[in-house]
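**Q**
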Amino acid sequence: MAKRKKSTVGWKGQIFLIVGGICCFLFAPLAVILVVGMIPTIVALIVDRTDGRMRAITIGAINFAGCSPFMMEVFKKGNNLETAITYILQPRTIVVIYFAAAMGYLIDWAMTGIVSSILVQKTKVRLKEIQKYQEELTERWGMEVTGTVPLDEFGFPRENPGSKAEES
Amino acid sequence: MSDVTVQDEPVKKAESPPVAPPPQTSALAGDVVFNESITINAGSRLPQYDRGLVKAYTASGTNKAPANLFALICEDHLTPRIHKASNYAAIVNPSLTHLAASGVVDWTPAGKEKYCFIYKHSLGNPLMKDDLRGALGMKPDVALNAVIRPLVSVLADLRDKDIFHGNIRVSNIFDGGSKNIERAVLGECLSCPVSYLQPVLYETIDRALCAPIGRGPGTSQDDIYALGVSLAMMLRHSDPMEGLSDEEIIERKMEEGSYSALLGKDRLTGQILELMRGLLYDDENQRWTIDEVMVWLDGRRLSSKQTSRRVKANRPVTFQGKKYSRPELLVNDFKKNPGEARQLIEDGELEQWLSRALEDKPATARFENAVRLAEEGGKGSDYPERLATRVSIALHPEGPISYRNISVLPEGVGPALTEAFIMKRDLQSYHDFFMNYFITQWIDCQAKNVPDVSNLVGRFDSARAFLRIKGLGGGLEKCIYAMNPEVHCLSEKVAKFYIRSPEDLMRAYEKISANSNHPALFFDRHIAAFLSVKDRKNIDPHLYDMNAPETYRRVLAEAKTLATIQKRSQMEKFPGIAKWMVENLGPVYERFHDRELREKTRKAAERLIVAGDLAKIVLLFDDPAVYQNDNIEFRRAMRQYHDLEQETIEIERALRNEATLGLETGHQVAAIVAGILAGIVIMASAFSGFGQNVVPF
Chain Z
1 MAKRKKSTVG WKGQIFLIVG GICCFLFAPL AVILVVGMIP TIVALIVDRT DGRMRAITIG
61 AINFAGCSPF MMEVFKKGNN LETAITYILQ PRTIVVIYFA AAMGYLIDWA MTGIVSSILV
121 QKTKVRLKEI QKYQEELTER WGMEVTGTVP LDEFGFPREN PGSKAEES
Chain E
1001 MSDVTVQDEP VKKAESPPVA PPPQTSALAG DVVFNESITI NAGSRLPQYD RGLVKAYTAS
1061 GTNKAPANLF ALICEDHLTP RIHKASNYAA IVNPSLTHLA ASGVVDWTPA GKEKYCFIYK
1121 HSLGNPLMKD DLRGALGMKP DVALNAVIRP LVSVLADLRD KDIFHGNIRV SNIFDGGSKN
1181 IERAVLGECL SCPVSYLQPV LYETIDRALC APIGRGPGTS QDDIYALGVS LAMMLRHSDP
1241 MEGLSDEEII ERKMEEGSYS ALLGKDRLTG QILELMRGLL YDDENQRWTI DEVMVWLDGR
1301 RLSSKQTSRR VKANRPVTFQ GKKYSRPELL VNDFKKNPGE ARQLIEDGEL EQWLSRALED
1361 KPATARFENA VRLAEEGGKG SDYPERLATR VSIALHPEGP ISYRNISVLP EGVGPALTEA
1421 FIMKRDLQSY HDFFMNYFIT QWIDCQAKNV PDVSNLVGRF DSARAFLRIK GLGGGLEKCI
1481 YAMNPEVHCL SEKVAKFYIR SPEDLMRAYE KISANSNHPA LFFDRHIAAF LSVKDRKNID
1541 PHLYDMNAPE TYRRVLAEAK TLATIQKRSQ MEKFPGIAKW MVENLGPVYE RFHDRELREK
1601 TRKAAERLIV AGDLAKIVLL FDDPAVYQND NIEFRRAMRQ YHDLEQETIE IERALRNEAT
1661 LGLETGHQVA AIVAGILAGI VIMASAFSGF GQNVVPF
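These protein sequence lines map, in sequence, to chains Z and E. Oh and the first sequence: position 41 is 41 in my numbering, straight run, nothing missing. Heads up: take any position in the second sequence, counting from 1, add 1000, and you land on my numbering.
(1) Answer with yes or no whether the minimum CB distance from E/ASN1041 to chain Z is below 8 Å.
(2) Rounded to whole angstroms, what is the Cα-Cα separation between E/TYR1088 and E/GLY1134?
(3) How would you label E/TRP1288, buried or exposed, when you count the other beta carbons within 10 angstroms and need 16 or more for buried?
(4) Nearest CA to the CA of Z/PHE70: which residue from Z/LEU89, Z/ILE57, Z/ILE18, Z/MET54?
(5) Counting beta carbon pairs with one atom in the stretch 1595 to 1610 of chain E and one in the stretch 120 to 132 of chain Z, are three or more of them shorter than 8 Å?
(6) Answer with yes or no whether the minimum CB distance from Z/PHE27 to chain E is below 8 Å.
(7) Express the C-alpha separation of E/TYR1627 and E/GLU1650 in angstroms, rounding to a whole number.
(8) What are the residues in the stretch 53 to 64 of chain Z lying within 7 Å of chain E by C-beta distance?
(9) For E/LYS1323, does the three-state DSSP call read helix, strand or coil?
(10) Is the beta carbon of E/ALA1313 closer than 8 Å to that of E/LEU1358?
(11) When DSSP labels each residue in this structure, what does Z/LEU17 get in the three-state scheme?
(12) Determine whether the Cβ of E/LEU1505 lies closer than 8 Å to any Cβ atom of chain Z.
(13) So, helix, strand or coil for Z/ILE42, using DSSP?
(14) Which residues does DSSP list as the beta-bridge partners of E/GLY1061?
(15) Where does Z/ARG158 sit, in a helix, a strand or coil, going by DSSP?
(16) Show which residues of chain Z have a CB atom less than 7 Å away from the CB atom of E/MET1638.
(17) Output the boundary residues of the alpha helix (DSSP H) element that contains Z/TYR105.
(18) Note down, in chain order, all residues in the stretch 1669 to 1680 of chain E with a beta-carbon under 7 Å from any beta-carbon belonging to chain Z.
(19) Would you mind sorting E/TYR1403 into buried or exposed? The rule is 16 or more other CB atoms within 10 Å of its CB.
(20) Contact between the stretch 1140 to 1160 of chain E and the stretch 1110 to 1126 of chain E: three or more CB pairs below 8 Å?
(21) Can you tell me which residues form a DSSP beta bridge with E/ASP1106?
(22) With a cut-off of 8 Å, does the C-beta of Z/MET111 fall near any C-beta of chain E?
(23) On the CB-based measure, 16 or more other CB atoms within 10 Å of its CB, does E/SER1325 come out buried or exposed?
(24) In chain Z, which residues lie with their C-beta within 8 Å of the C-beta of E/GLN1651?
(25) Mind checking if Z/GLY142 is an interface residue toward chain E, Cβ cutoff 8 Å exclusive?
(26) Is the Cβ-Cβ distance between E/GLY1214 and E/PRO1451 less than 8 Å?
(27) Starting from E/ALA1465, trace the alpha helix (DSSP H) in both directions and tell me its first and last residue.
(28) Using a Cβ-Cβ distance cut-off of 8 Å, determine whether Z/ALA31 contacts chain E.
(29) Closer than 7 Å by beta-carbon distance: list the chain Z residues that pair up with E/GLU1647, in chain order.
(30) What are the start and end residues of the beta strand (DSSP E) that includes E/TYR1403?
(31) Please say whether E/MET1581 and E/LEU1597 have beta carbons closer to each other than 8 Å?
(32) Report buried or exposed for E/SER1238, applying the criterion of at least 16 other Cβ atoms within 10 angstroms of its Cβ.
(33) Buried or exposed: E/LEU1505, going by 16 or more other Cβ atoms within 10 Å of its Cβ?
(34) Hey, would you say Z/GLU105 sits closer than 8 Å to Z/ILE59, going by beta carbons?
(35) Going along the chain, which residues of its own chain have a beta-carbon closer than 8 Å to the beta-carbon of E/SER1355, five neighbours each way excluded?
(36) Output the residue ranges of the alpha helix (DSSP H) runs that lie fully inside the stretch 48 to 92 of chain Z and measure 4 residues or longer, sorted by chain position.
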């Protein structure tokens, strides 16, 4: 018996789609603004290869912030579809929303650069600290502490000249 | 043979009466002070009082010490009888040389310490200069009053003090400085091993067959015999044994008996004849005792005893082309050619001679047992020697144990071994002598009870055990000190000192430490053996470490031993030894992993040098917790180092892609910043939007 093909969306996703569908139906004007306004975020989600899609999240957050004044305006003016289409067809709306998305990308680029260079410097400093500490350990405990010298059961070098009896 | 064997030396005819020669002076040697009260004049010799290689010098005392003295400076290879000195000094008898003092003196002419005996210089001249030949022709009544009475009283005193003199002979009996002998004075007996200087003539037949160094402690009966021989020399008018060798003297004594051999045609009469017969009985059981001599001196007559002759075969046996009728003489020559002796034994010729010509059934039984014992040891390369030795014990049980060049009574093996060691003679023979364990056979063959037999067997057992120990604290060195308890330490490291106890050793080390070229380590085989015999609690617990291949263990074991001696003997402080010890501690510091701990311990040890308390220095290294903690910390440091290594590898790997380093974190930070900003904008829009136009433009 052929196995039934597994659904790609889980039960949580299914609930989310149902709730989302109902919301889109109830708040169709807001959904229109959101769908058009969040196109940069959708693109970012598609092209983002970072772990956890952090860049898309960054862009998406600012992009959503750019959409939010227009959504509130539509909602305040009766939440009808004509108002929403009027707003979305205005170039000003698109410019504002997409500029916000661009700001999101800029934030991502700037913060990544800054944090990365700070971490590189910090790592280099740590490397020097490790080397210094290792030198201190070698100075206090001898080359035996490095583990590169063959040791006897007591932890002393096997070829230690002082360990063998020298006739007086 | 010993360098000082005198029996066969060509000698000058004795002159009579001897005149005391003046002291021989030497400009090279000066005064040597002994105990701050006696000065020994090293440039003024007294050859008439020499004891072979032991030389006599004039000495003078100050304060309470007598003014007129002479000193005998002992030789290293001839162990003096030091333990008898206090008993000897306690004897107050005008006919015995009075011991004024004895001890170790810094003998500057030799540049080393020597043991010396200092006697009152009132001996006069020896009655005869030649011990072997000549005759004094002394009248019996003069001999009785001037010699016999004084010397018998001396022998009684010596017996009471448990001293065997072993040095009674005519050259050691003096006139006391008077022209006509009024009271003879007996010379000393302490400066050489027992009977070492005694010619064969003065020894009983059995002891005469021993090497002089190996005769062992005798009995007062042997002194009685020597007195008899000395009296015979004084009383006789001619020498019946003139020109005879040692062997011929012994043979003559066996053939004729000592009395006849010594007095020849001289006819003694009356009471003196009775005395001389009593003194010169060859059988020790028949010989008079001191008490019997004293009874005789009191004028009482003693019943004569039955004389018994030694067994003689009715036909001789031939060995090395010489005919032998007496087993004692035959087996005495076995050591000269053990190979031929083996042939004689294995051919059955000897057994036949024993049973038919000698008709001595006990000797035959002992012989068969001896052959069996020799065969038990295997027929290796040394079989002929072992066989010869065992057969000689069987056929002459009263005689010495003769093995290769050794010919000793069991009690005399210690001094013989000591002499062989110092004179660098063959020591392998002594090794084999102990390992072959002839002692039990010798004891089994004795007709009379051997005194303190368990002690004797125990000492030979110990010697075998010592020889199995190859490292420090064993070997022939330990046999020397165990078998000859009076010998001083023979180590090269302390060659300039006469060390008789662990305390002496400590003081010698303190002096040696002042020299910059002192040896690195304190102990060698001799010192370890010496200490182990003198007081095993000092060193035996540390011998295992002392034999370890690691220097640090040897150094620490030495330090612990020295500290133990200082503490147990409650000795003074030794800053010199402490400094020497601390100089040696380098490898011990290295047993700490922690360099800081090493330095700290080194400084602590150096601070303790001045105090000279060795135990405190040792205590620095005696706490196992210190080593344990050091090891734990070291292991922890190793783990830390390893973790750091791993971290370095990870960092270096990350730095190889420096461009991507921190990107992920950067994205995360950017997301957070963006989220916060978005929140602020949305909130601001919400608050302002419901009051007026949401879109501000």
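All C-beta atoms, glycine included, are put in the ideal place defined by N, C-alpha and C. Keep in mind that this is a model prediction, so the values were computed, not measured.
**A** Let me lay it out:
(1) Contact with chain Z is absent for E/ASN1041, since none of that chain's Cβ atoms lies less than 8 Å from the residue's Cβ.
(2) For E/TYR1088 and E/GLY1134, the distance between alpha carbons rounds to 31 Å.
(3) Under this definition E/TRP1288 is a buried residue.
(4) That would be Z/LEU89, whose Cα lies nearest to the Cα of Z/PHE70.
(5) A contact is defined here as three or more CB-CB pairs under 8 Å, and the stretch 120 to 132 of chain Z fails this definition with respect to the stretch 1595 to 1610 of chain E.
(6) Closer than 8 Å: no.
(7) CA-to-CA, the gap between E/GLU1650 and E/TYR1627 works out to about 35 Å.
(8) Flagged, chain order: MET54, ARG55, ILE57, THR58, ALA61, ILE62, PHE64.
(9) Here DSSP, grouped into helix, strand and coil, assigns E/LYS1323 to strand.
(10) Note that the C-beta distance between E/LEU1358 and E/ALA1313 is below 8 Å.
(11) Judged by DSSP in its simplified three-state form, Z/LEU17 adopts helix.
(12) Among the CB atoms of chain Z, none fall inside 8 Å of the CB of E/LEU1505.
(13) In the structure shown, Z/ILE42 sits in a helix (DSSP, three-state: H, G or I).
(14) For E/GLY1061, which the question treats as bridged, DSSP gives the partners E/ILE1038.
(15) In the structure shown, Z/ARG158 sits in coil (DSSP, three-state: anything other than H, G, I, E or B).
(16) Simply VAL145, GLY147.
(17) In the DSSP assignment, Z/TYR105 falls within the alpha helix (DSSP H) that extends over 91 to 141.
(18) For the stretch 1669 to 1680 of chain E, which is checked against every Cβ of chain Z, the residues closer than 7 Å are VAL1669, ALA1670, ALA1671, VAL1673, ALA1674, GLY1675, LEU1677, ALA1678.
(19) Classification of E/TYR1403: buried, given that the 10 Å Cβ count is 16 or more.
(20) No: the two stretches stay apart, fewer than three of their Cβ pairs being nearer than 8 Å.
(21) Paired residues: E/GLU1113.
(22) It does; some Cβ of chain E falls within 8 Å.
(23) By the C-beta density criterion, E/SER1325 is buried, having at least 16 other C-beta atoms within 10 angstroms.
(24) For the sequence presented, residue 1651 of chain E should be read as Ile rather than Gln. Chain Z residues near E/ILE1651: THR123, ARG126, LEU127, ILE130.
(25) Closer than 8 Å to some Cβ of chain E, the Cβ of Z/GLY142 qualifies, so yes.
(26) No. Outside cutoff.
(27) First-last of the alpha helix (DSSP H) with E/ALA1465: 1453 to 1468.
(28) No, Z/ALA31 lies away from the interface with chain E (no Cβ there is under 8 Å from its Cβ).
(29) Simply ILE130.
(30) Element bounds for E/TYR1403: 1401 to 1403.
(31) No.
(32) With fewer than 16 other Cβ atoms within 10 Å, it is exposed.
(33) E/LEU1505 comes out buried.
(34) What sits at residue 105 of chain Z in the sequence shown is Tyr, not Glu. The Cβ atoms of Z/TYR105 and Z/ILE59 lie closer than 8 Å to each other.
(35) Same-chain partners within the cutoff: LYS1361, THR1364.
(36) Counting whole runs of 4 or more residues, the stretch 48 to 92 of chain Z contains the alpha helix (DSSP H) stretches 54 to 76, 81 to 89.
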